[in-house]
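Here the protein sequences line up with chains A and B, keeping their order.
Residue numbers are given in numbering that gives the first Met the number 0: position 224 of the first sequence equals residue 223, and the series is strictly consecutive.
Residue numbers are given in numbering that gives the first Met the number 0: position 28 of the second sequence equals residue 27, and the series is strictly consecutive.
Where a beta carbon is used, it is the ideal one built from N, C-alpha and C, also for glycine.
For reference, the structure discussed in these notes is given below.
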Amino acid sequence: MTTDSADMRGAQMLHPMTLIQRFLVSLPAFVLLLLPVIRSGGSAEFVPILAVVLYGVLALPLIFLRYFRFRYQITEREVLIHSGVLTRQHRSIPLERIQNIEIEQSLLPRLFGTAKVKIETAGSAQTEGVLEYVSLATARNIREIVRTYQRQQSERIEPGPAVGNLSGSEIPVAFAAAPAADPREVLLDLPLYRVLLVGMLRFSLLYIALVFSALQQLNPDPDEIELWLTRGFLQPIAEFAIASPWLLTAMAIGMAILLSWVAGILVSFNKYFNFTLWLEGNKLHKRSGFLTLSEGTIPLKRVQALLFRANALMRHFRWYALQLQTMGLESAQKGEQLAAPLARLTEAQAIGQRIYPFEMPAAFHPVSRLTIRRAIIRFTVLLGLGMAALAYWAGVAVAWLLLLLPLIVVYAYMRYRNMGYAYDDTTLFVRKGVFIYTVWVIPIARFQVLYTSSSFFQRRLGLQTVYADTAGAGSVASAEIFDLPADEAGRLVDALYARFKAPFAPAATDQAGEGDSLPRS
Amino acid sequence: MRLLEPAIKTVWTIKFAIVSACIFTVVLGYEIYAYIGGSSDLPMPTGTLAALTFLGGLLVTLTVPRLRYRYWRFDLRPEELYIERGIFNRVRTVVPLRRIQHLDVSQNILEREFELSKLIVHTAGSRSSDVVLPGLRMEEAERLRDDVKRYILDDAV
Numbered sequence: 000m001t002t003d004s005a006d007m008r009g010a011q012m013l014h015p016m017t018l019i020q021r022f023l024v025s026l027p028a029f030v031l032l033l034l035p036v037i038r039s040g041g042s043a044e045f046v047p048i049l050a051v052v053l054y055g056v057l058a059l060p061l062i063f064l065r066y067f068r069f070r071y072q073i074t075e076r077e078v079l080i081h082s083g084v085l086t087r088q089h090r091s092i093p094l095e096r097i098q099n100i101e102i103e104q105s106l107l108p109r110l111f112g113t114a115k116v117k118i119e120t121a122g123s124a125q126t127e128g129v130l131e132y133v134s135l136a137t138a139r140n141i142r143e144i145v146r147t148y149q150r151q152q153s154e155r156i157e158p159g160p161a162v163g164n165l166s167g168s169e170i171p172v173a174f175a176a177a178p179a180a181d182p183r184e185v186l187l188d189l190p191l192y193r194v195l196l197v198g199m200l201r202f203s204l205l206y207i208a209l210v211f212s213a214l215q216q217l218n219p220d221p222d223e224i225e226l227w228l229t230r231g232f233l234q235p236i237a238e239f240a241i242a243s244p245w246l247l248t249a250m251a252i253g254m255a256i257l258l259s260w261v262a263g264i265l266v267s268f269n270k271y272f273n274f275t276l277w278l279e280g281n282k283l284h285k286r287s288g289f290l291t292l293s294e295g296t297i298p299l300k301r302v303q304a305l306l307f308r309a310n311a312l313m314r315h316f317r318w319y320a321l322q323l324q325t326m327g328l329e330s331a332q333k334g335e336q337l338a339a340p341l342a343r344l345t346e347a348q349a350i351g352q353r354i355y356p357f358e359m360p361a362a363f364h365p366v367s368r369l370t371i372r373r374a375i376i377r378f379t380v381l382l383g384l385g386m387a388a389l390a391y392w393a394g395v396a397v398a399w400l401l402l403l404l405p406l407i408v409v410y411a412y413m414r415y416r417n418m419g420y421a422y423d424d425t426t427l428f429v430r431k432g433v434f435i436y437t438v439w440v441i442p443i444a445r446f447q448v449l450y451t452s453s454s455f456f457q458r459r460l461g462l463q464t465v466y467a468d469t470a471g472a473g474s475v476a477s478a479e480i481f482d483l484p485a486d487e488a489g490r491l492v493d494a495l496y497a498r499f500k501a502p503f504a505p506a507a508t509d510q511a512g513e514g515d516s517l518p519r520s
Numbered sequence: 000m001r002l003l004e005p006a007i008k009t010v011w012t013i014k015f016a017i018v019s020a021c022i023f024t025v026v027l028g029y030e031i032y033a034y035i036g037g038s039s040d041l042p043m044p045t046g047t048l049a050a051l052t053f054l055g056g057l058l059v060t061l062t063v064p065r066l067r068y069r070y071w072r073f074d075l076r077p078e079e080l081y082i083e084r085g086i087f088n089r090v091r092t093v094v095p096l097r098r099i100q101h102l103d104v105s106q107n108i109l110e111r112e113f114e115l116s117k118l119i120v121h122t123a124g125s126r127s128s129d130v131v132l133p134g135l136r137m138e139e140a141e142r143l144r145d146d147v148k149r150y151i152l153d154d155a156v
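Quick look at the structure:
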């Protein structure tokens, strides 16, 4: 590696193909600018000419300038990036702060043999440095240099896995101390049928929205569609549908759902094709993608919790996804990274246990049954408010919304049944969710702050909510345990906190040899 | 368990008064505008909303700071910072000292007037910004910070 890294010492420019790539990428925006003119039939001819001139004068030179003013350099201890046309920016990223180097190859770069390198650090939530694009070999080389450096660093400080600044050493790591050769241990290799299953089971409303907005964008002429539909063998169906508007609406919605289902399958096929997860040293690596090939690394010491997650459909067919809650990586994923898109529970647990050893509890403690009542009241009030607002402002008939009441009752009961917690000496387990069911596996040593809260209504019923905050926890879906009886909540927090403190107790510290000057009670 | 400095009640009262006054001004402006324009789409007589806003603001300004003060207590223990607070939603927080990443002592212009400051405790947790100790005397806040800081240095990796 030393000879390779020597090549990278001087200031480097990006791959020349970047120019062509950026030019091609800028074209759609250009066409979009021209779109109104093209559609209006060229009534004002100076507009497209003006656009072309503006494009030639501004956009093209910008592409060239950006390319020629971009330099990157990898020195002994840092990555230097110089960029900027009008304002020059010099960025230095120390090698030891780099958490993750992701190599991404979308369609065009794959044709050109280039790749985008994303450098992520622990300090900032977003990507710190991006090199788009360098040749694939260079990308791999850069990643290797950083890895080699970090391996040497961690060996110099102490043998074994590097210690994270968040008590990484407290967590026993499942694998033996990483040997120099770093053998690859494949944890999951997603077969093709499962890749397709992911899309089929992970039904997302997002795609429906996309389909509808696409329809709106295209704005098809109803008469044209009718003409097109009424040709050939579809004619009887079309006539029948036009005769009853309800059926037409139902067909349109059904069509949109089908389309979005297919779109979802295609998207996840493109995303998870050839998904591979493997363990190498103390880092997890994953790679997947059909048109866009993406590779990523998750250092094990950054993993804060494991999440087994399944939507209602996946759960029905007993499929689960394994997510890792990490800190400092990709804020877009709310700190939760996918480690296994689709696996049987035992399989997902086996993968999880290679990352953090735990014993899934045989049974979960339920929360108070009063939570059913609270959920029914809460959602009924919300429904009432929604109905009142609709009736007042939109003036629509809302009585039929009362049909939702039984659904609320069922939902409240399911919500209670799925909610539970369990703990042993090292781990807290929390499960909940109806539409998206999640089991959190939270190492007690990773706790950051413990919260107990009780709202006015909860106090009247003697209930409390318990939450153990961890780094990188999602703000929307977090492992809060709702509506525990107050005394049980108190006992739970005491038990958890006692287990949290246990490794730091005097006897343990003597053995570990980390002195602590403050007196303890 | 320790209470905050009583002077924080005044600081909060002024803060609430300012916010209430701003909201009231906006509502009043809207009412006047609608009255002059002769087109109010509110289902109540002119001035009702402004009066309600005024009364609501007054009520909040007079009661919330006192209640908040009454329910807010904290304790710096050998291994953790313990906080209890909240009027409607009562929250108890346990911050293990070894989890604290860094500490800020801050003082806004109002607090400076009353010689108060607040201690902000940052952890790596996702709700870390929640942990704030307001209403401390400056030297008290600095003393707390230094006490806790010793712990962070000890545990630094």
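Short CB-CB distance (under 9 Å) between A:Pro505 and chain B: Closer than 9 Å: no.
Secondary structure of A:Gln457, DSSP reduced to three states: Residue state, collapsed to three classes: helix.
Residues bridged to A:His14 (per DSSP): Paired residue(s): none; A:His14 is not in a bridge.
Within chain A, the residues that B:Arg126 reaches when beta carbons sit closer than 9 Å: Residues of chain A passing the Cβ test: Gln447, Val448, Tyr450, Tyr466, Asp468, Ala472, Ser474 and Ser477.
Where the stretch 353–364 of chain A meets chain B: residues whose CB sits under 9 Å from a CB there: With the criterion set as a beta carbon lying under 9 Å from some beta carbon of chain B, the stretch 353–364 of chain A has no members that meet it.
Neighbour list for B:Asn88 in chain A, Cβ cutoff strictly below 8 Å: The contacting residues are Ser452, Ser453, Ser454 and Phe455.
Exposure of A:Val210, with buried meaning 16 or more beta-carbon neighbours within 10 Å: Buried.
Contact with chain A by B:Arg97, beta-carbon distance below 9 Å: Yes, because at least one Cβ of chain A sits closer than 9 Å to the Cβ of B:Arg97.
DSSP state of B:Thr9 mapped onto helix, strand, coil: In this structure, B:Thr9 counts as helix in the three-state DSSP scheme.
Cβ-based burial, A:Ala472 [other Cβ within 10 Å; buried from 16]: So A:Ala472 counts as buried.
Ranges of the alpha helix (DSSP H) found wholly within the stretch 113–154 of chain A, counting only runs of at least 4: None, since the stretch 113–154 of chain A contains no complete alpha helix (DSSP H) of that length.
The stretch 107–125 of chain B: positions lying closer than 7 Å to chain A by Cβ: Closer than 7 Å at the C-beta level to chain A, one finds these residues of the stretch 107–125 of chain B: Thr122, Ala123, Gly124 and Ser125.
8 Å Cβ cut-off: residues of chain B touching A:Phe499: Under the 8 Å cutoff, chain B gives Pro95.
Whole-angstrom distance between A:Glu487 and A:Thr525, CA atom to CA atom: It is not possible to answer for residue 525 of chain A, since the shown part of chain A is limited to 0 through 520.
Sequence-distant residues of its chain with Cβ nearer than 6 Å to A:Ser453 (five each side left out): These residues qualify, in order along the chain: Gln463.
First and last residue of the uninterrupted alpha helix (DSSP H) at A:Asp486: Ala485 to Lys500 is the extent of the alpha helix (DSSP H) around A:Asp486.
Buried or exposed (CB count within 10 angstroms, at least 16 for buried), A:Phe455: Of the other Cβ atoms in all chains shown, fewer than 16 fall within 10 Å of the Cβ of A:Phe455; this residue is therefore exposed.
Buried versus exposed call for A:Thr325 [16 or more other C-beta atoms within 10 Å across all chains shown]: Flag for A:Thr325 reads buried.
Three CB pairs or more closer than 8 Å across the stretch 334–345 of chain A and the stretch 310–320 of chain A: Counting Cβ pairs under 8 Å, three or more are found: they touch.
Segment contact, 8 Å Cβ cut-off, at least three pairs: the stretch 257–270 of chain A with the stretch 62–76 of chain A: The stretch 257–270 of chain A vs the stretch 62–76 of chain A: no contact.
Identified DSSP bridge partners for A:Thr379: For A:Thr379, which the question treats as bridged, DSSP gives no partner whatsoever.
Alpha-carbon spacing of A:Val129 relative to A:Trp277, whole angstroms: Using only the alpha carbons, I get a separation of about 25 Å.
Selection from B:Glu79, B:Arg142, B:Ile119 and B:Arg84 that minimises the alpha carbon distance to B:Pro95: The candidate whose alpha carbon is nearest that of B:Pro95 is B:Glu79.
Cutoff 6 Å; reference A:Arg70; Cβ partners in own chain excluding five residues on either side: If we look at A:Arg70 and ignore the five residues flanking it on each side, its Cβ neighbours are Ala10 and His81.
DSSP state of A:Gly288 mapped onto helix, strand, coil: Reduced to three states, the DSSP call for A:Gly288 is coil.
Beta-carbon spacing of B:Arg136, B:Glu114 below 9 Å: Yes, these two residues count as a Cβ contact at 9 Å.
Coarse secondary structure for A:Gln332, derived from DSSP in three states: Low confidence applies to A:Gln332: its pLDDT is 44, below 50, so where it sits in the model is not reliable enough to give any reading.
Same chain, Cβ closer than 7 Å to B:Arg84, neighbours up to 5 away in sequence not counted: Within the same chain, B:Arg84 has close Cβ partners Tyr70, Trp71 and Val90.
Endpoints, beta strand (DSSP E) assigned at A:Ala470: Taken as a continuous stretch (DSSP letters only), A:Ala470 belongs to no beta strand (DSSP E), as it is neither H nor E.
Sub-9 Å separation of A:Met386 and A:Phe428 beta-carbons: Their beta carbons are not under 9 Å apart, which means A:Met386 does not touch A:Phe428 by this criterion.
The stretch 486–497 of chain A: positions lying closer than 9 Å to chain B by Cβ: Taking 9 Å as the Cβ-Cβ cut-off against chain B, the residues of the stretch 486–497 of chain A that qualify are Val492 and Tyr496.
CB contact below 9 Å: B:Thr92 versus chain A: Under the 9 Å criterion on CB atoms, B:Thr92 is classed as interfacial with respect to chain A.
Sequence-distant residues of its chain with Cβ nearer than 6 Å to B:Val156 (five each side left out): Residue placement at B:Val156 cannot be trusted, given a pLDDT of 37 that sits under 50; the coordinates are not used to answer.
Three-state secondary structure (DSSP) of B:Ile86: DSSP places B:Ile86 in the coil class of the three-state scheme, outside both helix and strand.
Closer than 9 Å to chain A by CB, B:Val130: Yes, contact with chain A.
Interface flag, A:Arg308 vs chain D, CB-CB below 9 Å: Checking the listed chains, one finds no chain D in this structure; the protein chains it contains are A and B.
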